[in-house]
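Residue numbers (the numbering used here): 134 to 306.
Shown next as structure tokens:
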């Protein structure tokens, strides 16, 4: 019974040493990798700051950085998101910006005006042309599309979900 306890204690104390990759070359043990994913990868700007360096990049690009703590700042249309992450040795840290999704309106005319209001408060959240895809915080919205010469198209309670694009179609009747 004492042998089992001794082996268990030995494994418990050796666990931090096992976390390092003993097969990785020595020069790679001082670095890790970081990848940041955003709602609109082609337009969002990601800044990784820390360890004496600032790195500006795009979404989905893998970067090798020294191990340590970093501040991630993401600029998305009307919003900016910041978060601190820790990068470990020989590990890849994947980070996905939480709480934001996209709204796309397919309208007959790409110049139609889209008005988005919060379902609960009735407050106008965004106004944009139908040709654009808009980044919005996760939530429920009422979408109104002003079509010249026709009645406005209204879609109630459109749910914008994190890191997805919700598409609303406006069709001629």
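Just so you know, even glycine gets a beta-carbon here, dropped at the ideal spot from N, CA and C.
Straight-line Cα distance separating residue j from residue i
{"i": "residue 283", "j": "residue 273", "result": "26 Å"}
{"i": "residue 218", "j": "residue 206", "result": "11 Å"}
{"i": "residue 303", "j": "residue 278", "result": "8 Å"}
{"i": "residue 245", "j": "residue 262", "result": "6 Å"}
{"i": "residue 285", "j": "residue 248", "result": "10 Å"}
{"i": "residue 268", "j": "residue 162", "result": "38 Å"}
{"i": "residue 191", "j": "residue 179", "result": "6 Å"}
{"i": "residue 310", "j": "residue 264", "result": "This structure gives no information on residue 310, because the portion of the chain shown stretches from 134 to 306."}
{"i": "residue 222", "j": "residue 297", "result": "31 Å"}
{"i": "residue 258", "j": "residue 242", "result": "22 Å"}
{"i": "residue 251", "j": "residue 187", "result": "36 Å"}
{"i": "residue 255", "j": "residue 276", "result": "11 Å"}
Sequence-distant residues of the same chain with beta carbon closer than 8 Å to residue i, five excluded per side
{"i": "residue 225", "result": "165, 166, 167, 168 and 195"}
{"i": "residue 319", "result": "Residue 319 lies beyond the stretch modelled for the chain, which goes from 134 to 306, so this question has no answer here."}
Beta-carbon proximity of residue i to residue j, cut-off 8 Å
{"i": "residue 266", "j": "residue 237", "result": "yes"}
{"i": "residue 235", "j": "residue 299", "result": "yes"}
Same chain, Cβ closer than 6 Å to residue i, five either side skipped, listed in chain order
{"i": "residue 292", "result": "273"}
{"i": "residue 230", "result": "171, 207 and 214"}
{"i": "residue 216", "result": "205"}
7 Å Cβ shell around residue i - same chain, five flanking residues per side excluded
{"i": "residue 232", "result": "270, 271 and 295"}
{"i": "residue 199", "result": "163, 164 and 184"}
{"i": "residue 193", "result": "168, 170 and 174"}
Just checking, does the region 199-214 make contact with the region 172-189 on the three C-beta pairs under 8 Å criterion? yes
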